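Residues are numbered in the numbering used here as their position in the sequence shown, beginning at 1, plus a constant of 599.
Notes follow once the structure below has been shown.
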Amino acid sequence: MKSRYQILIVGGGTAGLIVASSLLKKNPKLHIGIVEPSESHWYQPAWTLVGGGTYNYKRTMRPMKAVIPKEADWVKYEVISIEAKNNTVTIANGKQITYEYLVIAPGLKLAPSLTEGLEEVLDKGVVCSNYTNPNHTWQVIKNFKGGTALFIQPPKPYKCGGAPQKIMYLADDYFRKHGIKKNTKVVFASASDIIFSVKKIADTLWKVVNRKSINVKFKHELKKVDGANQIAWFNVSPDFVEHNPIQLEILEENGLVGIKYDMLHVVPINVPPDFVAQSNLGDEKGWVDIDSKTLQHKQFPNIFSLGDASNLPTSKTGAAVRKQAPVVVNNILHLIKAKELGSKTYDGYTSCPFITGYGKMALAEFDYDKNFMPDPKLKRMFIKDSSKEHWRLWILKKYILPYLYWNKLLKGKEI
């Protein structure tokens, strides 16, 4: 570990590693440090499959030392603070590291403590989350014998816009295949007022929801979990909309609406890392405040950010990072060489693989304006319309994307 780096990258997740590998691929002489305290690197896009019992959890992890580029220095400490005016990062051992260019890509933080009662019951008994322990999600689904299966979608921002729905569709499939569905009420309680923001995908999802007879409740924001009595309490907008209504025991208390559950899948509130929120680098909500096209910080021109910690107005996914990283790399290399930004910009592209059951998937690819923009390469897989459910898209999700991730993307190779 040195006390100064030409380029310092905060975060050894997808975003940080792709940027580091890509920079070194284009210029092996760059002096790069990667600040990352974790010993493990996880391929989280497969956690939905783990939660549905169709992927091995151990296969989603590699040792961090195996994926960090050998030409970069691994600084194995947490970041305590960033002093952008002094080009300085303070790490957990008290030492300070200075930089010429800084890339902030630490991901985000899950904050179950912000929902009353959730921390005490999360990943215990019948309360699960693919965001925290997909193995437990699978155990809950397998052990479920009927009743109310409640799936919750929080207010944005949160990782992967479709994740709260995907595990629900897999669970519903499992219940049906094992004769449990006839004794089950599947409920989707969402803080949003729409099923999805891209119309072509939304049309497909409504067909799935109606086919599965899933009860959808919009404008339901989770506020409290009563684990002892198995009740989820919501703040419900007076103009909430319900689809596929069913008979449920609805409770009311202190202005909140309660739904009893026999299994609960929840998404903890997502917040920026503390050192980002407490710095002068964030917007009013604490996310790194960057230009949506250049990914350059609005106040400090030698700082860039991408991935989940940024305030980019698009879904927080690994697919988004795949398109963001080349922009950051291009801009830093141009600044080093010519003291000006490169010509590449980011159009907000992101992607959400919508698993709709075992062996079925639709693929939502879209930009800042919610334009559906499928990758032309899908035609090689004989997929004419990726907004529709297709078994070949399931093959892409389960087998092809993990291979490309470990063998191409993390090594700085464009796919």
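For glycine and all other residues, C-beta sits at the position ideal for the given N, C-alpha and C.
Values in this document were obtained by computation on a predicted structure and should not be read as measured data.
Bridge pairing for R661: H640 [DSSP]. Residue pairing by DSSP places Y698 opposite Y604 in a beta bridge.
Residue burial annotation: G693 is exposed, with fewer than 16 other C-beta atoms found within 10 angstroms of its C-beta. The Cβ atoms of P733 and V785 do not sit closer than 9 Å to each other. Out of R658, G706, K959 and A937, the CA that lies nearest to the CA of A876 is found in G706. The C-beta distance from V702 to I608 rounds to 4 Å, short enough to fall under 8 Å. Beyond the five residues adjoining it in sequence on each side, K744 comes within less than 7 Å, by CB distance, of I779 in the same chain, given in chain order. Spanning the alpha carbons of I740 and Y948 requires a straight line of approximately 33 Å. Around the C-beta of Y998, fewer than 16 other C-beta atoms lie within 10 Å, and the residue is accordingly described as exposed. Per DSSP, K741 has no beta-bridge partner at all.
In terms of Cα proximity to V618, the closest of K601, F965, G906 and V824 is G906.
L880 has its alpha-carbon roughly 8 Å from the corresponding atom of Q898.
Separation of G917 and Q895 (C-alpha to C-alpha, rounded to the nearest whole angstrom) is 19 Å.
If you draw a 10 Å sphere on the C-beta of G615, you find 16 or more other C-beta atoms in it, and that means buried.
Per DSSP, T949 is one residue of the beta strand (DSSP E) stretching across T949 to G956. Looking only at V928, P952 and A961, the smallest Cα-Cα distance to K1012 is reached by V928.
Its Cα nearest to that of Y1004, the residue R921 stands out among P975, F981, R921 and M980.
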